[in-house]
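Quick notes on the structure that follows.
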Amino acid sequence: MKKIAILIAGVTLVLTASTPLMSALIRSDFDDETYDEITETEVSDHDGYQKIENVAQYKDANWNNVVCSVSNISLSEAFDIADGNPVITYFFYTKGYKMVLETKDGGYRLFRHGDTVFFTGSPWWGSAPGLADGYVKL
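For the sequence shown, position 34 (counting from the first letter as 1) is numbered 33 according to numbering that gives the first Met the number 0, and the numbering increases by one without interruption.
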């Protein structure tokens, strides 16, 4: 029994120690060519929405009207969420690898590819070239 416990502890230690190394290796393989593939493979046509390219919620806009935020989803899943909730009137979808938005108080919000924020009310867009697109229900 002790041998099994020692074996499990050893395997856990190896896996835990190798995780940061593997993350570093994976991230170092990410290049501009891969980034272009991500942004070009997204399907953006969906009935019932107006697409506004290269925008996200402006930092000085009212962020109190966030309905929900969902990470690492496809654009199709984002439409499904918005379609299924009548309170949602618009959203932005992060299409770039990583996007940092400043906040009014000097902080920041970090979004990665596939992160989507759903809002109610009227949008106040800010520029986000190559990083995000906005969608408004018609």
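Ideal Cβ placement from N, Cα and C applies to all residues, glycine included.
Problem set entry | Closest by C-alpha distance to S70, when choosing among P85, D132, R111 and N84 | R111
For this session: Ignore the nearest five residues each way along the sequence and tell me which others in W123's own chain have a CB closer than 6 Å to its CB.
Result: Y57 and A60
Problem set entry | DSSP state of L130 mapped onto helix, strand, coil | coil
For this session: Quick one: using the 10 Å Cβ neighbour count with 16 as the cut-off for buried, is D114 buried or exposed?
Result: buried
Problem set entry | Helix, strand or coil at S68 according to DSSP, with G and I counted as helix | strand
For this session: Following the continuous beta strand (DSSP E) through L109, name the residue where it begins and the one where it ends.
Result: Y107 to R111
Problem set entry | Cβ neighbour criterion (16 or more within 10 Å) applied to D132 | buried
Exercise. Going by C-alpha distance, which of W62, G83 and M98 is nearest D104?
Worked result: W62
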